[in-house]
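>
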Amino acid sequence: MTYRTNKIMPTVEGEHDVYHRHGLIKGFDQVRLGDLGVDLVGGGGLGSEIGLSLVKKGVGRLDIFDDDVVTLTNLPRQFYYRRDLFKPKAIRLARNLSKLATNNSIITGYPIQIQEAVEKGLLPVCDVVIVGVDNSDARFFCASHFYDKVPVIFTAVSPEADAGYVFAQEPGKACFGCMFPDEHGRPARKCSGSTIDIHKAMAGIVSYAVDTLCMKRPRNWNYKRIFLSGLMGDLSEKVERDPECQFCRERGAA
Ligand SMILES: [Zn+2]
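Counting with this note's numbering, you get residues 16 to 269 for the letters of the sequence shown.
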């Protein structure tokens, strides 16, 4: 299901363009963002907040992949209403986000896993992929499929909902396997604790990382980890490619 939105235009004489404040930020390129195509893998807590940030900021195209349906326990964290219950997340999220878009955006929900979209040739061409799922199969699938094609931003949160990371894999640089060599084959966590707080925090970082990939906003990290409690220090690191990375080797790149 595809939703097309229209840019919000000034209605009062002398009113600023809707993106006036973005234009005051050094390096911000609204036109580039308006041309950007993003594949969003996962329409849960992370995907909801990331999608909201992107459509508010004026992303050109957003394609959402999720084969899950909305359940009652999703409502305190995810961008769904009671009327969305038991309906496909991808389609309902696309619909809900379309109401808050500020630009001419094309938002499509695919109620299938990204793996199936690739198998069926449904995957649209995109500039950036964002992976906010809870299982390493989908993470490694994306790390592999887009390895030498486009940047992939991974994000995940801790079971105590007090910490999270963002890792940006770019072609030719450190991959998801370089960063997390022990993650392969790890089963998905079943029903861990969760609140909206950490999702909002991670979505802001992901959305910023998207900017850095398509315009001249600075980013001196490819791995960033935050701890809401402050009991551990936040991290921003530039992780180098691991010459021993099996994942890179299998792709002939190490
Ligand atoms: Zn690697």
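Each residue gets a CB set at the ideal place from its N, CA and C atoms; glycine is no exception.
(1) Go through its chain and collect everything with a Cβ distance to N119's Cβ below 8 Å, but skip five positions before and after it.
(2) With a threshold of 6 Å on Cβ separation, who are the neighbours of Q128 within its own chain once the five nearest residues in sequence on each side are excluded?
(3) Measuring CB atoms only, is the region 50 to 65 touching the region 209 to 216, in the sense that at least three cross pairs come out at less than 8 Å?
(4) Any heavy atom of ligand 1 inside 8 Å of the beta-carbon of F262?
(5) Applying the 10 Å Cβ sphere with the 16-neighbour rule, what's the burial state of Q261?
(6) Quick one: does the C-beta of A183 sit closer than 8 Å to a heavy atom of ligand 1?
(7) In chain order, which continuous runs of the beta strand (DSSP E) of length 3 or greater are located wholly inside the region 57 to 115?
(8) Secondary structure at G192, three-state DSSP: helix, strand or coil?
(9) Please classify L51: is it buried, with 16 or more other beta-carbons within 10 angstroms of its beta-carbon, or exposed?
(10) Pull up the CB-CB distance for I241 and G192, whole angstroms please, since I reckon it's below 8 Å.
(11) Can you tell me the Cβ-Cβ gap for E255 and A189, rounded? I've got them flagged as a contact below 8 Å.
(12) Q128 by DSSP, collapsed to three states: which one?
(13) Can you tell me whether D50 is helix, strand or coil according to DSSP?
(14) Measure the alpha-carbon distance for V144 versus L246 and round it to whole angstroms.
(15) State the Cα-Cα distance for the pair T86 and F101, rounded to the nearest angstrom.
(16) Do I79 and A105 count as a contact pair if the criterion is CB distance below 9 Å?
(17) Could you pull the DSSP bridge partners for Q184 from this structure?
(18) Kindly list the residues whose CB is nearer than 6 Å to the CB of D257, restricted to its own chain and excluding five residues on each side of it in sequence; keep chain order.
(19) Taking DSSP as the reference, what is the three-state secondary structure of L246?
(20) Spell out the partners DSSP gives E252 in its beta bridges.
(21) Between the alpha carbons of A132 and E28, how many angstroms are there, rounded?
(22) Looking at the unbroken beta strand (DSSP E) that takes in I40, where does it start and where does it end?
(23) Could you tell me which residues DSSP pairs with A178 in its beta bridges?
Reading from the atomic positions:
(1) By one-based count along the sequence shown, residue 119 stands at place 104. Once the five neighbours on either side are set aside, the close Cβ partners of N119 are R19, T20, N21, K22, G49 and G75.
(2) Indexing the sequence shown from 1 puts residue 128 at position 113. Contacts found: D82.
(3) yes
(4) Working through the sequence shown from its first residue, we reach residue 262 at position 247. Checking every heavy atom of ligand 1 against the Cβ of F262, one is found closer than 8 Å.
(5) The residue given as residue 261 occupies position 246 in the sequence shown. The residue in question, Q261, is exposed, as its Cβ has fewer than 16 Cβ neighbours within 10 Å.
(6) Here residue 183 is taken as the residue at index 168 of the sequence shown, counted from 1. No, Cβ of A183 sits at least 8 Å from all heavy atoms of ligand 1.
(7) 76 to 80
(8) Here residue 192 corresponds to residue number 177 of the sequence shown, with the count starting at 1. Looking at G192 - three-state DSSP - the assignment turns out to be helix.
(9) The count along the sequence shown starts at 1 and reaches residue 51 at position 36. When all chains shown are included, L51 counts as buried.
(10) For the purposes of this step, residue 241 is taken as residue 226 along the sequence shown, with counting starting at 1. For the purposes of this step, residue 192 is taken as residue 177 along the sequence shown, with counting starting at 1. About 23 Å separates the two Cβ atoms, so there is no contact after all.
(11) Within the sequence shown, numbered from 1, the residue matching residue 255 stands at position 240. Within the sequence shown, numbered from 1, the residue matching residue 189 stands at position 174. At roughly 6 Å, the Cβ-Cβ gap stays under 8 Å, so E255 and A189 are in contact.
(12) By one-based count along the sequence shown, residue 128 stands at place 113. Three-state DSSP puts Q128 in coil, outside helix and strand.
(13) As a first step, residue 50 must be located in the sequence shown, where it is residue number 35. Helix at D50.
(14) Walking along the sequence shown from the start, residue 144 turns up at place 129. Walking along the sequence shown from the start, residue 246 turns up at place 231. Looking at the two C-alpha atoms, the distance is approximately 32 Å.
(15) The residue you call residue 86 lines up with position 71 of the sequence shown. The residue you call residue 101 lines up with position 86 of the sequence shown. Roughly 6 Å between the two C-alpha positions.
(16) The sequence position of residue 105 within the sequence shown is 90, counting from 1. The sequence position of residue 79 within the sequence shown is 64, counting from 1. Contact flag set, yes.
(17) Numbered from 1 along the sequence shown, position 169 holds the residue referred to as residue 184. V167, per the DSSP bridge assignment.
(18) Within the sequence shown, numbered from 1, the residue matching residue 257 stands at position 242. Here the set comprises C193.
(19) Along the sequence shown, read from residue 1 onward, the residue named residue 246 stands at position 231. The answer is coil: DSSP assigns L246 none of H, G, I, E or B.
(20) The residue you call residue 252 lines up with position 237 of the sequence shown. According to DSSP, E252 bridges with Y238.
(21) Position 117 of the sequence shown, counted from the start, is the residue given in the question as residue 132. Position 13 of the sequence shown, counted from the start, is the residue given in the question as residue 28. Computed Cα separation, rounded: 46 Å.
(22) For the purposes of this step, residue 40 is taken as the residue at position 25 of the sequence shown. Looking at the DSSP string, I40 is not in any beta strand (DSSP E), and its letter there is neither H nor E.
(23) The residue labelled residue 178 in the question sits at position 163 within the sequence shown. Paired residues: F242.
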